[in-house]
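**Student:**
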Ligand SMILES: [Zn+2]
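Residue numbers (our numbering): 109 to 342.
#1: From the DSSP output, in three-state form, read off residue 157 for me.
#2: Give the DSSP-derived three-state secondary structure of residue 199 in the structure shown.
#3: For residue 128 versus residue 109, is the C-beta distance shorter than 7 Å?
#4: Going by DSSP in three states, residue 302 sits in which element: helix, strand or coil?
#5: To the nearest angstrom, how far is it from the Cα of residue 203 to the Cα of residue 231?
#6: Return the chain-ordered list of same chain residues with a C-beta closer than 7 Å to the C-beta of residue 123, the five sequence neighbours on each side being excluded.
#7: DSSP three-state call for residue 216: helix, strand or coil?
#8: Around ligand 1, which residues pass a check of Cβ closer than 5 Å to any of its heavy atoms?
#9: If residue 262 sits next to residue 222, beta carbons under 8 Å apart, how far is it from one beta carbon to the other, in whole angstroms?
#10: Quick one: residues in its chain with C-beta nearer than 6 Å to the C-beta of residue 147, no 5 flanking neighbours on either side, listed in chain order?
#11: Tell me which residue opens and which closes the beta strand (DSSP E) that residue 189 is part of.
#12: Judging by CA-CA distance, which residue of 189, 166, 126 is the nearest neighbour of residue 160?
#13: Using DSSP with H/G/I as helix, E/B as strand and the rest coil, what is residue 176?
#14: Less than 8 Å between C-beta atoms, sequence neighbours within five positions excluded: which residues of the same chain meet that for residue 252?
#15: How would you label residue 286, buried or exposed, when you count the other beta carbons within 10 angstroms and need 16 or more for buried?
#16: Write down every uninterrupted run of the beta strand (DSSP E) in the segment 230-255 whose length is 3 residues or greater and which is fully enclosed by it, in chain order.
#17: Bridge partners for residue 181 per DSSP, in chain order?
And the structure:
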C-alpha cells in the first residue's frame with residue numbers, strides 16, 4: 109500500500125489471502141494518531157487480523173535508487189522497489205516496478221493529477237508535511253527527467269486512467285494484465301491492480317460497468333464487485 113488513507117484501504121478485506129506491505133511510519137501514524145478520521149484514516153479498514161508487513165525506511169538495508177534517497181528492494185531482485193516518499197501522509201511510499209523496457213512508478217498520492225508532477229498545478233492540498241511532500245515530488249520529477257520513458261502514475265487523474273483504459277491496459281485480467289504491461293514479475297501486476305486500478309475511482313466506475321461480464325468470468329468475488337460502486341473515492 110502506498111499509504112493507508114481511507115480511499116486506498118477500503119478493499120483490503122477483499123483480498124484475504126494477500127500480504128500487504130506498508131511503511132512502518134505509515135502504520136504507526138494510521139494506528140496511533142489521536143484523530144484518525146481528520147488525518148484520512150478509517151481504522152476499521154485495517155483494525156483486524158490480516159496479513160501485513162511493515163518496512164522501516166530508517167534501517168541499514170535501505171538504499172538509494174536513481175533519484176530516490178530511500179528505497180527498499182522488496183524481493184531482492186530489483187523487480188519491485190519501494191521508495192519512501194512521505195509528505196502527503198506520514199509514511200507514504202511509491203512503488204517502482206521494473207518492466208522489460210521501462211520502469212513503472214506508482215506515485216500514489218504524491219500527486220493527484222499529472223499537472224502536479226509537471227508543476228503546472230499546485231501540489232495536492234492538506235499534506236501531512238508540506239516540506240516532505242515537496243522533497244518527494246522533486247525525487248519523482250528527477251526520476252522522470254533521468255528516465256523519460258518511465259511511466260509515473262498519479263492516483264486520482266481521470267484523464268490519465270481513461271487513457272490507460274483506452275489502451276486496454278486497465279482491463280482486470282490478472283496475469284494477462286501483467287503480460288500486456290510487459291511486467292517482469294507477476295506481483296508487480298498485483299500492486300498495479302490494487303493501487304491504480306481497483307481503488308482508483310474512475311476505473312472503479314469503469315470496472316463497475318463491466319460487472320456482469322466479470323461475474324460471468326469469475327474474475328472477482330461478488331462482494332468485491334459490489335464495493336466498487338460504493339467505496340470509491342469521489
Ligand atoms: Zn491519500
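Note that the Cβ used here is the ideal one computed from N, Cα and C, for glycine as well.
**Tutor:** Judging by the given coordinates:
#1: coil
#2: coil
#3: yes
#4: With a pLDDT of 44 at residue 302, under the threshold of 50, the modelled position of this residue cannot be trusted; read the value that follows with caution. Here residue 302 sits in helix by DSSP.
#5: 20 Å
#6: none
#7: coil
#8: 113, 217
#9: 6 Å
#10: 141
#11: 188-192
#12: 126
#13: strand
#14: 225, 258, 260
#15: In this prediction, residue 286 scores a pLDDT of 40, lower than 50, which makes its location untrustworthy; no coordinate-derived value is stated.
#16: none
#17: 189
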